[in-house]
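To convert, take the position in the sequence shown, counting from 1, and add 52; that gives this note's numbering. Note that beta-carbon positions come from the ideal geometry of N, C-alpha and C, so glycine has one too. Heads up, the thing below is written out as structure tokens.
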Amino acid sequence: VLAASSSMDKLVMKHLFAHRGLPQLPYVSFLKSEYEKYEHNIIELIQNKLEYPVFVKPANLGSSVGISKCTNKEELLEGIKEAFQFDRKLVIEQGVDAREIEVAVLGNDYPETTLPGEVVKEVQFYDYKSK
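Given below as structure tokens:
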């Protein structure tokens, strides 16, 4: 249960990965209350720290629910607005052009995995609807 609950929070996982020295893409995270108070500063931080495209993600959902790929400031503002409909904590991640590989892990005491499979998509972003 701990592994499942930890992995559902993208920010918690980022902290755990960092603690173990795993490389990560640059990101910015914030709460809705912080954004409401410091919107201009947060947008400025995102644009100074990250390059477009970026992905706006609710911190606590899976299956790409509420995630937006943003290629400019206008899309970023819309993506943030959309993501806040699903969570009060967001993670904005640097986009990267890479192959996407998925593996399923099933079980507890004796977990089994599927073979790795490449996600082949005909859309720019493998969003919830595409899945």
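- For E145, which of N160, A56, F82 has the nearest alpha-carbon? F82
- How close, in whole Å, do the beta carbons of K141 and L63 come, if the pair is a contact with beta carbons under 8 angstroms? 7 angstroms
- Sequence ranges, beta strand (DSSP E) only - wholly within the region 111–158, length at least 3: 120–122, 141–146
- Query: If you draw a straight line from the alpha carbon of L90 to that of L77, how long is it in whole angstroms?
  - Reply: Reading off the sequence shown, one finds Tyr at residue 90, where the question assumed Leu. Rounded to whole angstroms, Y90 to L77 spans 24 angstroms at the Cα level.
- Message: Between V143, G159, Y162, which has its C-alpha nearest M60's C-alpha?
- Response: V143
- Could you check how far apart the C-beta atoms of R151 and E134 are, in whole angstroms? I think they sit under 8 angstroms. Actually they are not in contact, since the Cβ atoms of R151 and E134 sit about 26 angstroms apart, beyond 8 angstroms.
- Message: I believe I94 touches E86 by the beta-carbon criterion, under 8 angstroms. Please report the beta-carbon distance rounded to the nearest angstrom.
- Response: 7 angstroms
- CB-CB under 7 angstroms to F69, same chain, minus the five flanking residues each way: which ones, in chain order? Q76
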